[in-house]
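Going by my numbering, the sequence shown wraps up at 184, each residue one higher than the last.
Every residue, glycine too, gets a C-beta built ideally from N, C-alpha and C.
Given the structure is predicted, the values throughout are model-derived calculations rather than measurements.
First comes the structure, then the notes that go with it.
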Amino acid sequence: MVAVLLTLAAVFGLSVVAGATGAGAAGFVISATLLGFGLAPFVGDSLQRLLPCSVWGRFSLSAGVSRRLGVDRFNAFLTRVGWNRQVVAMRGSGAGESGVAGDRRNPRHMQAAAAGHAWALVVHIVAAVWAAVAGGWVAAAVLLLVGVVGHLYPVLLQVRVLTLLREATTGGRRTT
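So, in structure tokens, the structure goes:
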């Protein structure tokens, strides 16, 4: 329900900005980017709860494909700038508590992050198409670039981590 409400709010917000500045303007690009990054954690958690567990067993990303797509380099960059350390600290913020919140290797965190980033990628793609239809080709290109780097690569990274966790717990067998 949260995902639907936030999606409607994002569409309404982008409609207001597009009406005021135009879909090809910098304000539209900034608004779409802020909405994507700002709402993704909330939408991701909501979507993760809605998706059946069996869905996550169907996604996998091998080491070879990950390397060819540059996901390993993206992960190395995130480690170098300290982002991965921050994410681990956020996931472990409830480490003293009992339950899933304190388990840093709980796949629920990665699933929620992947779902949120996938939602934000869709927001960026829709906004890019909207900007292109309005004649804002530069805005469309910027939105697609931000969507790919800021959301597609994190989705691929989360799927790779989920694949590694599944391989570690099942001995490499796929469970579907």
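Going by Cα to Cα distance, which pick from the options is closest to residue i?
i, options, result
"Val141", "Val167, Val150, Gly32 and Leu47", "Gly32"
"Leu172", "Asp80, Val146 and Trp127", "Asp80"
"Arg57", "Ala139, Leu152, Arg116 and Trp145", "Arg116"
"Leu47", "Leu129, Arg174, Val63 and Ser23", "Leu129"
"Gly78", "Val163, Leu170, Ala176 and Arg99", "Val163"
"Val154", "Trp145, Phe82, Ala176 and Ile133", "Ile133"
"Arg174", "Val131, Leu151 and Asn114", "Asn114"
"Leu55", "Gly143, His125, Ala176 and Ala149", "His125"
If you draw a straight line from the alpha carbon of residue i to that of residue j, how long is it in whole angstroms?
i, j, result
"Leu86", "Asn92", "6 Å"
"Ala84", "Ala34", "31 Å"
"Ala18", "Leu43", "6 Å"
"Gly158", "Leu69", "18 Å"
"Pro60", "Val51", "16 Å"
"Thr178", "Ala40", "40 Å"
"Gly30", "Phe36", "7 Å"
Check for me: the alpha helix (DSSP H) holding residue i runs from which residue to which?
i, result
"Arg88", "Val79 to Arg88"
"Arg57", "Ala34 to Leu58"
"Ser23", "Val10 to Thr29"
"Arg113", "It is not in any alpha helix (DSSP H) - Arg113 carries neither H nor E in the DSSP assignment."
"Leu173", "Tyr161 to Thr178"
"Ser62", "Cys61 to Arg66"
Next on the checklist: Please give me, in chain order, every unbroken run of the alpha helix (DSSP H) with length at least 4 that falls completely inside the region 126-156.
Outcome noted: Those alpha helix (DSSP H) runs which fall completely within the region 126-156 and span 4+ residues are 145-155.
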